[in-house]
Amino acid sequence: MSSFNQIFIGLCLIVISLSLFQDKNDPKTIKPTVPKECVECIAQIEAVVAGEPIRFNLLKSLISKSYDEDKIERLILSLINMPEFNHKQKGVLISQLADIYKSRYHFYKAMTLLSKYESSYPEFSSKIKGINSQFESWQSERNTNLGYRSGRGNGTTGHMKGKVNVVYVHISDRKSKNKLWNTQLINRNKGNLSSVKDWLLQQAHLYNVSNFDINFHIHAVALHKGITSKWFRTQGFEFYFKSVFAKDIGFENSQQMLKHYSNNGRNEVAFVFHLNYSERSWAYRCGAETGYCNFLEFAMITEKPEDKYTPQVIAHEILHLFGSPDLYLIPYAKHFATTDVMNYYSSDLKWSAISPVTAWVIGWSEEHGKVPFKIIR
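For the sequence shown, the numbering used here begins at 2 and goes up steadily by one.
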């Protein structure tokens, strides 16, 4: 272990020791907080303090603040065999972790954890039943596709590697009942796009993808008279894109625009249009709609910028453009990759994940791992 790691862990242990031995009745005592760094190195702390007295409430605090569910779950599973905790306390720790999963909408993970200890804690049964009811309510479209139609490397957007430029256009349809895009709404949506970028970079890091960066080039246009949002679901969109849209954002034609954003073909380019229109978001991608393999793959977002799920919808649709199909339509994926943004929503984008099969299809991995469905290429 390097000297830096030894010092780092030592500082974390000091924090824990202070919390163990402080005089709670002394008004001069300052209650220590758990540094973010200590939360993130919790596995290292576990290795060093094994066998030492550990304050129960501090552990609960660490559990509630941890972003790494797999790491914190491994810690709990090792702690439940330690003599410092009685049966009731162990049950509380397990139940708390299940509550964290549930709060993140990771219902299957919560049920799996509680089911493992149900024989020792019969009170978990009612909790499992309630969580399962929520889980089943999310399966309304589950039996739509039997196979996984991969678009890996196909179409006008290839792999999500290198520099990726997303041309993100806020489009106002004056015939829509919703508000037209204005500076306030666009600025709010910029916050969503920032969250999506941070999340994608974090997920890429987990797969050791170092040559990846994504940037959003933001525009706002109003549809011309005679053109409505319905055009985006018809062949008329190709005419609009080539003849009108490029000029609306400052280019002479679509070829010049594509050349600019692709840096003469060196960068990947994705097009996302965000309408002020009440409809379900969608993506036209090569692999699902073969007519878009040679012209243009694009995504259409219709969620309002203030909606809770908008960052996840944007991330989901962008992943479509790089070849990823929906997992939530596949019956055999019900209990598979249950935190993948292509399968289930989480309560917040930061709790969503890109599973190995999604990483494979967008070009981040050469292996898709074991999957419970047929991959159609």
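Idealized CB from N, CA, C, for every residue including glycine.
For TRP283, there is no enclosing alpha helix (DSSP H); the residue is found in the beta strand (DSSP E) stretching over 283-285. Take ASN344, set aside five residues on each side of it, and the residues of its chain with a beta-carbon closer than 7 Å to its own are LEU328, TYR329, ALA334, ALA338, in chain order.
In this model, MET161 and VAL93 are separated by some 42 Å (Cα to Cα). According to the DSSP assignment, PHE136 belongs to the alpha helix (DSSP H) that extends over 125-137.
For HIS218 and VAL197, the gap between their C-alpha atoms comes out near 14 Å. Annotation: the continuous alpha helix (DSSP H) that includes GLU70 extends over 70-80. PHE246 sits in a helix when the DSSP states are folded into three classes. If you compare the alpha carbons of GLY192, SER79, GLY131, LYS89 with that of LEU350, the shortest gap goes to GLY192. Within the stretch 133-215, the complete alpha helix (DSSP H) runs of at least 4 residues fall at 184-207. Within 10 angstroms of the beta-carbon of ILE250 lie fewer than 16 other beta-carbons, which makes it exposed. When the five nearest sequence neighbours on each side are left out, the beta carbons in the same chain lying within less than 8 Å of the beta carbon of LYS128 are those of SER96, ALA99, LEU115, in order along the chain. In chain order, SER347, SER348, TRP352 place their CB closer than 6 Å to the CB of ARG105, counting only its own chain and leaving out the 5 sequence neighbours on each side. Per DSSP, reduced to three states, the secondary structure at MET301 is strand. In summary, LYS110 is buried, with 16 or more beta-carbon neighbours lying within 10 Å of its beta-carbon over all protein chains present.
With a cutoff of 8 Å on beta-carbon distance, LEU320 and THR359 are scored as near each other. Using a Cβ-Cβ distance cut-off of 8 Å, the stretch 261-271 and the stretch 127-142 are not in contact, since fewer than three pairs of beta carbons, one from each stretch, lie closer than that value. Contact check between the stretch 178-189 and the stretch 234-241: fewer than three CB pairs, one atom from each, fall below 8 Å, which does not count as touching.
Nearest to THR184 by C-alpha distance, out of LYS164, SER177, HIS171, is HIS171.
Within 10 angstroms of the beta-carbon of THR145 lie fewer than 16 other beta-carbons, which makes it exposed. Its Cα nearest to that of TRP283, the residue ARG234 stands out among MET83, SER79, ARG234.
Collapsing the DSSP output to three states places ALA354 in a strand. In the three-state scheme derived from DSSP, where H, G and I count as helix and E and B as strand, ALA221 is classed as strand. Straight through space, the alpha carbons of VAL314 and LYS226 are spaced by roughly 29 Å.
For the options ASN216, ASP71, PRO123, THR311, the alpha carbon positioned closest to that of TYR102 is the one of ASP71.
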